[in-house]
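Peer 1: For the sequence shown, numbering that gives the first Met the number 0 assigns the number 0 to the initial residue and increments by one for each residue that follows.
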Amino acid sequence: MPIYLDNAATTRPCEPAVSAVFHNMVEDYGNPSSLHKIGLTAEQNVTEARKAVAAALVCDPQCVTFTSGATECNNTAIFGAAKNYGKRKKKIVVSAIEHPSVAEPIKYLEEKEGFEVVRIKPSRDGEIDAEDFIEAVDENTCLASCMLVNNETGAIQPVRKIFSRIKRDFPECITHCDAVQGFMKMPIKSAEIFADVIVVSGHKVHAVKGVGAMYIRKGIRIAPLLLGGGQEKNLRSGTESVPLIAGFGAAIRALMPTVGVAHENAEKISAYLLKKLSKLDYVTVNSTAENSSPYIINFSVEGIRSEIMLHFLESRDIYVSSGSACAKGAHSSVLTAMGVSDKLADSAIRVSICRTTTMGEIDVLVTALQEGWQSLAKSK
Ligand code: PMP
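1. Does the distance between the C-beta of residue 211 and the nearest non-hydrogen atom of the ligand PMP fall short of 6 Å?
2. Taking Cβ positions, are residue 380 and residue 336 nearer each other than 7 Å?
3. Can you check DSSP and say which residues form a bridge with residue 214?
4. If you reduce the DSSP assignment to three classes, tell me which class residue 3 lands in.
5. What residue from 322, 71, 6 and 370 has the CA that sits closest to residue 213's CA?
6. Identify the continuous alpha helix (DSSP H) that holds residue 133 and give its terminal residues.
7. Assess, as a yes-or-no matter, whether the segment 269–283 is touched by the segment 65–79 under the definition of 3 or more beta carbon pairs within less than 8 Å.
8. From what residue to what residue does the beta strand (DSSP E) around residue 351 run?
9. Specify the secondary structure class of residue 205 as computed by DSSP and reduced to three states.
10. Which term fits residue 326, buried or exposed, when burial requires 16 or more other beta carbons within 10 angstroms of its beta carbon?
11. Kindly confirm or deny that the segment 187–195 and the segment 226–243 touch, where touching means at least three C-beta pairs closer than 8 Å.
12. Can the beta-carbon of residue 347 be found less than 7 Å from the beta-carbon of residue 322?
13. Could you tell me how far apart the beta carbons of residue 277 and residue 293 are, in whole angstroms, since I believe they sit closer than 8 Å?
14. Looking only at its chain, what residues have a beta carbon closer than 6 Å to the beta carbon of residue 141, apart from the 5 residues adjacent to it on each side?
15. Please state whether DSSP places residue 326 in a helix, a strand or coil.
16. Which value, in whole angstroms, describes the spacing of the CA atoms of residue 281 and residue 56?
17. Classify residue 290: buried if its beta carbon has 16 or more other beta carbons within 10 angstroms, exposed otherwise.
18. Per DSSP, which residues does residue 318 bridge with? Please list them.
19. May I have a chain-ordered list of the alpha helix (DSSP H) segments no shorter than 4 residues that lie completely inside the segment 116–188?
20. What separation, rounded to the nearest whole angstrom, lies between the Cα atoms of residue 374 and residue 296?
21. For residue 369, which residues from the same chain have a beta carbon less than 8 Å from its beta carbon, with the 5 sequence-adjacent residues on both sides left out?
22. When you measure from the CB of residue 70 to every non-hydrogen atom of the ligand PMP, does any distance come out below 6 Å?
23. Run the proximity test for residue 200: is its beta-carbon closer than 6 Å to any non-hydrogen atom belonging to the ligand PMP?
24. Straight-line CA distance for residue 317 to residue 134?
25. Per the DSSP calculation, residue 283 is bridged to which residue(s)?
26. So, does the CB of residue 120 fall closer than 7 Å to a CB anywhere in chain D?
27. Could you say if the segment 254–269 and the segment 58–67 meet the contact criterion of at least three C-beta pairs nearer than 8 Å?
28. Between 355, 359, 310 and 333, which has its C-alpha nearest residue 6's C-alpha?
29. In three-state terms, what does DSSP make of residue 291?
30. Does DSSP put residue 91 in a helix, in a strand, or in coil?
31. Once the 5 residues before and after residue 159 are set aside, which same chain residues still bring their CB inside 8 Å of it?
32. What does the Cβ neighbour count give for residue 249, buried or exposed, with the cut at 16 atoms within 10 Å?
33. Taking all protein chains shown into account, do 16 or more other C-beta atoms lie within 10 angstroms of the C-beta of residue 123, making it buried, or fewer, making it exposed?
34. Report the residue from 0, 10 and 128 whose alpha carbon sits nearest the alpha carbon of residue 353.
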């Protein structure tokens with residue numbers, strides 16, 4: 000059996016999600032916009048999934064919009080907010096450690112649309128200082144964007160503190176939170192994090208790829224990226240992918256009752272891994288934030304490039320990710336923003352666990368890391 004420790008990249012779909020996808024392909028295959036019974040059934044299945052997302056985010060189902068994934072949600076939120084709120088207010092404040100689906104649209108607005116962009120760097124442990132972020136926001140800021148959990152280090156960002164202060168002092172500034180790596184792993188109550196837009200993705204929570212959702216607070220106007228049939232309250236035209244949406248809903252319903260237990264288990268597993276890593280003097284842990292998701296652990300193995308170690312582990316049927324996102328030798332922008340040296344960034348490994356990860360799997364990983372270091376360091 001493979002030991003899959005790359006769950007921040009994607010997760011294995013759970014059985015209820017797969018069954019729901021299948022059922023909505025072969026049985027309830029209607030178009031939710033059709034006026035007949037078969038269309039109505041499809042629409043009801045989308046409604047049930049919307050309720051599931053809303054229950055997980057503790058919001059009104061009417062505030063939930065389905066899209067093709069978090070990338071589309073982030074693009075829609077950023078371009079849509081800039082279009083409606085950025086005519087006179089031309090400033091955007093964003094963390095320097097966002098996923099490319101946030102960083103790139105904002106860079107586009109900076110380079111092509113004349114927006115001023117302030118990027119807030121994290122401290123060495125990967126956490127954004129809330130005061131730094133808040134101070135950068137002023138009356139000209141149309142958008143403030145900060146992720147909930149960093150996808151490379153697991154560092155939890157102080158979004159509640161940041162967004163509550165921004166909404167108090169500059170209520171017109173749109174607050175956007177990419178919550179992909181926190182969703183179904185920690186409680187996210189929409190009202191409590193003061194984000195106008197919250198983005199989540201299906202395939203990170205044991206649903207299938209190609210579906211995401213965003214919460215948009217009532218009264219916030221986000222301009223659509225796609226024009227057409229006016230589905231999803233005009234925000235996302237195109238026939239809804241009912242199977243993927245229903246699968247997303249089914250995965251959420253399956254995971255919801257045990258989010259807390261799963262979190263406790265993940266804490267035990269990550270503490271176990273960190274304890275074992277602390278005994279290896281050639282390993283430096285990069286995930287050092289005090290507030291950190293137990294699901295993501297990033298560390299560097301001295302002198303061995305990420306990819307080399309990744310493939311060594313692969314040869315043992317163990318699957319992790321290289322901390323540096325680019326294969327062509329560019330360093331991870333997240334680790335670089337944290338001030339991690341090029342040498343350490345070059346040898347970063349990200350282990351991301353899931354609900355079914357066991358201590359036994361961690362034992363196998365650590366043994367393989369030790370063997371890898373011995374054989375690869377020798378052949379350097
Ligand atoms: N944001 C974060 C933090 C992510 O980790 C990812 C997936 N790597 C995305 C956005 C993009 O999600 P999707 O694959 O659903 O487009």
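C-beta: ideal position from N, C-alpha, C; glycine also.
Peer 2: With the given structure in hand:
1. At least one heavy atom of the ligand PMP lies less than 6 Å from the C-beta of residue 211.
2. Summary: the structure shown does not reach residue 380, with the chain confined to residues 0 through 379, and so no result is reported for it.
3. 63 and 197
4. strand
5. Relative to residue 213, the option among 322, 71, 6 and 370 whose CA is nearest is 71.
6. 129–135
7. At 8 Å Cβ cutoff, the stretches do not touch.
8. 347–351
9. Annotated three-state conformation of residue 205 is coil, per DSSP.
10. Caution applies to residue 326, whose pLDDT of 44 falls short of 50 and renders its modelled position unreliable; the value that the coordinates give is listed next. With fewer than 16 Cβ atoms within 10 Å of its Cβ, residue 326 is classed as exposed.
11. no
12. It is a contact, given that the beta carbons lie within the stated cut-off.
13. Under the criterion of beta carbons closer than 8 Å, residue 277 and residue 293 do not qualify as touching, at roughly 16 Å.
14. 84, 85 and 88
15. Any reading at residue 326 must be qualified, since the residue scores a pLDDT of 44, below 50, and its modelled position is unreliable; the value itself is stated next. Residue 326: coil per DSSP, three-state reduction.
16. 41 Å
17. exposed
18. 3
19. 129–135 and 158–168
20. 23 Å
21. 279
22. Distances between the C-beta of residue 70 and the heavy atoms of the ligand PMP include at least one below 6 Å.
23. Yes, the ligand PMP has a heavy atom inside 6 Å of this Cβ.
24. 44 Å
25. 299
26. The question asks about chain D, but that chain is absent: this structure has only one protein chain.
27. no
28. 355
29. The answer is strand: DSSP assigns residue 291 an E or B state.
30. strand
31. 191, 192 and 193
32. buried
33. exposed
34. Minimum Cα distance to residue 353 is reached at 10.
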